[in-house]
Amino acid sequence: MNNPIDNRLGMFNSKRVEILQTVKSRLLSQYIREGLVAEVLQEAVFYEFKRLSNGPDKARGHWRTIARRLSSAGESERVQILQELLSYFCDDIVGNFDGRVYWFAQGVLPPAMSFMLSPVRSVKMGVKAFSKLSGRVVVDGAVDEVKHHFRNSTVIVAPTHTSNLDSVVLGLALEKEGLPPVTYGAGKNLFTNPFLSFFMRNLGAYRVDRRLRFRLYKDVLKTYSSVLIEFGFHSLFFPGGTRCRSNVVESSLKLGLLGTAVSAYRQTLMGGDKRPVVIVPATINYRLVLEAESLIEDHLSADGKERYMVSDDEFSRVGRVVDFARKMVAMDAPMVLRLGRPLNVLGGEWDGRELADYFVGPDESITTDSEREKEYTRRVGDNLIRAFQKDTVLHDTNVVCRVMFEQACRVWGTSDIYQLMRFSPEDVSLPIAALNSKVAVFCENHKSNVFVRGREPSRFAQDGLKALQTYHQRDVIEVVGSRVVLKDWKLLYYYYNRTRGFEVLDEP
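By my numbering, the letter at position 455 of the sequence shown is numbered 500, and the numbering carries on one by one without gaps.
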């Protein structure tokens with residue numbers, strides 16, 4: 046299809062060399078000006094030696110060579126090494142955009158994928174099945190406002206992060222609304238699949254290696270993000286960083302990349318460009334989550350407190366992804382993207398005001414003030430957290446698990462999941478009629494957040510019960526006669542967690 050809104054990302058390749066040169070020259074000048082060349086190099090060598098202590102000899106050898114060069118290097122040699130590393134990390138991070146791949150992905154790939162994921166016997170049926178699959182993505186909220194800003198501003202979409210499918214769902218949602226693709230950072234572990242890697246690398250994704258925690262790498266990543274915004278490319282940030290293991294609506298954000306929205310806007314003002322930069326809060330809401338079993342296991346385990354990246358979950362198993370897609374189609378399971386009211390780079394709701402005066406220094410010119418920009422970024426983060434809670438969409442699975450978790454708390458006199466897991470889940474049950482009644486009360490209390498779609502409370506509850514017995518390897522609950530019986534503590538807790546912060550004022 047032809048997007049009614051210009052696809053700026055289509056110009057990326059013509060700007061690629063200029064973007065990378067801007068990143069490298071800006072950081073090189075900064076490190077030299079601040080006298081940090083030796084410090085950032087030594088830190089990078091230290092952390093890479095530590096990370097690769099049990100890694101391949103070739104990788105260790107590369108950093109051993111750099112260490113030897115640094116040990117006897119003068120200032121000019123250190124600057125040369127810094128330039129080499131800046132080029133290396135820029136080339137490792139940078140994305141690409143190929144219009145041919147984009148149109149192939151939009152026009153040919155979806156029916157082909159539908160054909161593979163659906164139990165059909167012809168291409169015609171495959172196309173029809175994809176139409177049904179794309180219909181599972183529901184977009185609501187401030188859609189018209191967001192479309193306006195995609196035409197007239199540089200947009201940063203900042204969604205919640207639940208699943209590795211989030212960027213796929215967001216891409217489908219943008220395409221469905223006639224909006225252009227965005228550039229985004231994706232964990233390097235997602236590029237290990239050659240098929241997915243080909244499309245991600247050619248559709249605007251850039252690689253983020255979360256194992257690298259030294260300043261040089263983080264500065265390259267943040268500066269690259271900032272320069273993309275300065276060049277007018279719409280972007281996607283997951284401000285929570287990695288996927289939320291517990292499924293609680295995010296209340297703690299990583300503000301590093303988010304801060305590049307503020308610095309990029311200041312840089313454009315310095316260049317005489319007053320084009321607005323806006324941040325669009327968004328929530329991605331699933332009835333069922335592909336990786337729920339692995340994520341909640343990781344969250345609850347002691348090891349989970351130390352692990353930053355799960356690389357061996359359901360997303361890495363092709364069969365589970367296929368099974369998930371087929372069951373989502375069969376269940377008519379919606380994936381809801383709710384777009385919040387756009388925010389300006391000061392953190393307030395967008396109201397059309399020019400913001401240049403908020404970046405002016407004592408000499409009446411646009412100035413760099415890191416403390417001021419940290420405060421603006423903090424405000425953006427605070428208002429994103431409020432928007433995430435306000436715009437969360439709760440599915441029937443979440444509400445049913447909320448009711449059953451509260452029943453478990455009543456039975457055992459505690460809400461501590463670690464204590465609850467000492468007991469048999471099957472000792473917790475509730476009459477279906479009581480479940481329906483409690484579900485109805487919750488839905489009435491939170492009409493704007495519960496995805497009811499015209500269903501009566503009893504039907505809403507029954508749909509949730511069915512879904513919780515359909516996809517996961519372990520059923521969450523089981524219907525036995527006229528009662529609902531709990532079967533799995535961890536998955537119950539995972540889906541219940543999405544409802545935390547939503548109080549019930551009129552409990553029967």
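We treat Cβ as the ideally placed atom computed from N, Cα and C, and that holds for glycine.
Values in this document were obtained by computation on a predicted structure and should not be read as measured data.
DSSP, read as helix, strand or coil, puts Arg114 in helix. Residue nearest to Val90 within the set Ile430, Leu429, Arg332 and Phe259 is Phe259 (criterion: CA-CA distance). Rounded to whole angstroms, the Cβ separation of Pro284 and Lys299 is 6 Å, and the two are in contact under 8 Å. Distances from the alpha-carbon of Leu65 to those of Phe433, Ala104, Thr110 and Gln128 put Gln128 closest. A distance below 8 Å separates the beta carbons of Tyr251 and Ile138.
Fewer than three beta-carbon pairs drawn from the segment 401 to 408 and the segment 457 to 470 are found closer than 8 Å, and the two stretches are therefore not classed as touching.
Counting of Cβ neighbours within 10 angstroms places Pro407 among the exposed residues, the total staying below 16. A residue is called buried once 16 or more other Cβ atoms fall within 10 Å of its Cβ, and Asn494 is buried on that count. The C-alpha of Leu536 is placed about 23 Å away from the C-alpha of Ala478. In the DSSP assignment, Leu388 is bridged to Ile324 and Glu394. Straight-line measurement puts the Cα of Arg256 at about 21 Å from the Cα of Gly304. The continuous alpha helix (DSSP H) containing Thr313 extends over residues Gly304 to Met315. The closest CA to that of Glu93, considering only Glu190, Tyr262, Gln75 and Ala187, is found on Tyr262.
Within the segment 438 to 503, the runs of alpha helix (DSSP H) that reach at least 4 residues and sit entirely inside it are, in chain order, 441 to 457, 462 to 465 and 477 to 490. Residue pairing by DSSP places Asn99 opposite no residue, since no beta bridge is assigned to it.
Two segments are said to touch when three or more pairs of C-beta atoms, one from each, lie closer than 8 Å; by this definition the segment 220 to 227 does not touch the segment 327 to 347.
Assignment of beta-bridge partners to Ile329 by DSSP yields Leu382. According to the DSSP assignment, Tyr540 belongs to the alpha helix (DSSP H) that extends over Trp534 to Asn542.
In the three-state DSSP reduction, Ala337 falls in the helix class (H, G or I).
Around the beta carbon of Met449, 16 or more other beta carbons sit within 10 angstroms, so the residue counts as buried.
Here the segment 524 to 542 does not lie against the segment 428 to 435, with fewer than 3 beta-carbon pairs under 8 Å apart. For secondary structure counted as the beta strand (DSSP E) over 3 or more consecutive residues, the segment 224 to 297 holds these complete runs in sequence order: 228 to 232 and 250 to 253.
By the CB criterion at 8 Å, Val325 and Val191 fall inside the cutoff. Under the rule that a run must span 4 or more residues, the alpha helix (DSSP H) segments found entirely inside the segment 51 to 94 read 57 to 78.
Around the beta carbon of Gln507, 16 or more other beta carbons sit within 10 angstroms, so the residue counts as buried. Shown here for Val183: same chain residues with a beta carbon closer than 6 Å to its own, the five before and five after excluded, namely Pro379 and Val381 in chain order.
Listed as beta-bridge partners of Ala506 by DSSP are no residues whatsoever.
If you draw a straight line from the Cα of Arg332 to the Cα of Leu217, it comes to about 17 Å.
Boundaries of the alpha helix (DSSP H) harbouring Val425: Ser415 to Lys435, taken from the DSSP string.
Residues of the same chain with their beta carbon placed closer than 8 Å to that of His107 are lacking, with the five preceding and five following residues left out of the count.
With respect to the 8 Å criterion, Leu266 and Val227 are not classified as neighbours on the basis of their beta carbons. Counting along the chain, Val214 sits inside the alpha helix (DSSP H) bounded by residues Asp211 to Lys221.
With a beta-carbon spacing of about 42 Å, Asn292 and Thr412 fall beyond the 8 Å limit used to define contacts.
Per the coordinates, the alpha-carbon of Arg386 lies some 48 Å from the alpha-carbon of Arg105. Looking at the DSSP output, Ile201 sits in a beta bridge with Ser280 and Ile324.
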